[in-house]
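Below is one structure, written out as C-alpha cells; comments come after it.
Numbering (the numbering used here), first residue to last: 748 to 816.
Put into C-alpha cells, the structure is as follows:
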C-alpha cells in the first residue's frame, strides 16, 4: 500500500488539515485534497497555508509586519 501526504482545502483554498493516506481513501472521503511533498523544492503544506493552483504551491500566511520571501 502506497501512502502519500494530502492537504485538505476549504472553499478559499486554505489548508485545514494534512493527512497521510492512500489515494483510494482520499477519493472516498470527499472534499478538496491536494498532494503535498515533504521532500521537494516546493513548500510542504501546513494548516493555514493558501494553495495557489496556478503555481501548484502552498503559501504560508504572513504575520502583520512580515513579508514572505
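Yeah, the Cβ is synthetic: ideal placement off N, Cα and C, and Gly gets one too.
Three-way DSSP call (helix, strand, coil) for residue i in this model
| i | result |
| --- | --- |
| residue 810 | coil |
| residue 774 | helix |
| residue 797 | strand |
| residue 784 | coil |
| residue 802 | coil |
Unbroken alpha helix (DSSP H) run spanning residue i, endpoints
| i | result |
| --- | --- |
| residue 766 | Run containing residue 766: none in the alpha helix (DSSP H); it sits in the beta strand (DSSP E), 762-768. |
Pick from the options that is closest to residue i, judged by C-alpha positions
| i | options | result |
| --- | --- | --- |
| residue 749 | 801, 781, 771 | 771 |
| residue 795 | 774, 779, 806, 783 | 806 |
| residue 757 | 781, 812, 751 | 781 |
| residue 768 | 775, 752, 777, 778 | 752 |
For residue i, the first and last residue of its enclosing beta strand (DSSP E)
| i | result |
| --- | --- |
| residue 754 | 751-756 |
Contacts around residue i, its chain only, beta-carbon distance under 6 angstroms, and the 5 residues preceding and following it disregarded
| i | result |
| --- | --- |
| residue 791 | 783, 785 |
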